[in-house]
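In my numbering, the protein residues as written are 1 to 257. Heads up, the beta-carbon is just placed ideally off N, CA and C, and yes, glycines get one too. In this text, all values refer to a predicted model and were calculated from it rather than measured experimentally. As structure tokens, the structure follows; a few thoughts come after it.
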């Protein structure tokens, strides 16, 4: 892959990005694919949460969080060994997609991405049981506004964000290690720090990934390769959005109980 300076030089020889129809179509492809992925995630989470809960106490098989009544399906989905399969299946899917995308057709990669988005929805459906609908919607709106602003900055800035990207990836590794450690410690103070750092890391990655996706357009690939780049770009921004949303929800979400 060409380095930033070479890509920047290539971009200068093209028409300005604001009137470059090819670049516009490419970026719209990334954002549209990401948006469909988010819609699939939200739909899957809502459907599962609806099937797993009931407002009729007489039909409830269990009660959690004080005011949430689970159906028999909900008990199986959230409390049986199946819950571990649901928890780890998105990780398996995203690793497979990341490592195999260059060997897949564009349609296959797109289908796998949408399937991954559905698995994330299944995994995240539990937040509907934990947080109030109002706080979830509020956090989604705030995340959308923040994501849009950060992605716009990454798209328009003339600053080379490569160094920031290296720093953010180191921060991401540290974040993952801290999350693993806190599984055993159960520290509320450490969890708060993890949430703060998580928001900052994925906010920065949103800008960095947007710039990287934009510059990759100028590498002049064949249509099938460009299609796979659109899918991978959508996946990266999707992950930035989802993670920023989840970490922000830990600050802004109101527990049902």
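Where residue i falls: helix, strand or coil (DSSP)
| i | result |
| --- | --- |
| residue 161 | coil |
| residue 90 | helix |
| residue 125 | coil |
| residue 13 | Unreliable placement is indicated for residue 13, whose pLDDT of 48 sits below 50; the coordinate value is still reported in the next sentence. Note: residue 13 maps to coil in three-state DSSP. |
| residue 240 | helix |
| residue 166 | helix |
| residue 176 | helix |
| residue 224 | helix |
| residue 80 | coil |
| residue 144 | helix |
Residue i to residue j span [Cα, whole Å]
| i | j | result |
| --- | --- | --- |
| residue 55 | residue 67 | 9 angstroms |
| residue 26 | residue 152 | 15 angstroms |
| residue 141 | residue 76 | 32 angstroms |
| residue 210 | residue 168 | 14 angstroms |
| residue 163 | residue 149 | 20 angstroms |
| residue 180 | residue 246 | 17 angstroms |
| residue 42 | residue 123 | 11 angstroms |
| residue 74 | residue 87 | 15 angstroms |
| residue 194 | residue 183 | 12 angstroms |
| residue 131 | residue 70 | 15 angstroms |
| residue 228 | residue 105 | 7 angstroms |
Residues sharing a beta bridge with residue i, DSSP
| i | result |
| --- | --- |
| residue 69 | 54 and 63 |
| residue 131 | 255 |
Top-ranked residue by Cα proximity to residue i, from the options
| i | options | result |
| --- | --- | --- |
| residue 205 | 254, 216, 236 and 194 | 236 |
| residue 248 | 219, 191, 227 and 165 | 191 |
| residue 255 | 127, 211, 20 and 150 | 127 |
| residue 175 | 158, 183 and 197 | 197 |
| residue 158 | 188, 234, 199 and 207 | 207 |
| residue 230 | 108, 131, 166 and 171 | 108 |
| residue 21 | 217, 172, 244 and 80 | 217 |
| residue 102 | 91, 225 and 212 | 225 |
| residue 115 | 38, 143, 81 and 139 | 38 |
| residue 33 | 89, 239, 252 and 53 | 239 |
| residue 63 | 129, 44 and 99 | 129 |
Boundaries (first-last residue) of the alpha helix (DSSP H) holding residue i
| i | result |
| --- | --- |
| residue 198 | 188–216 |
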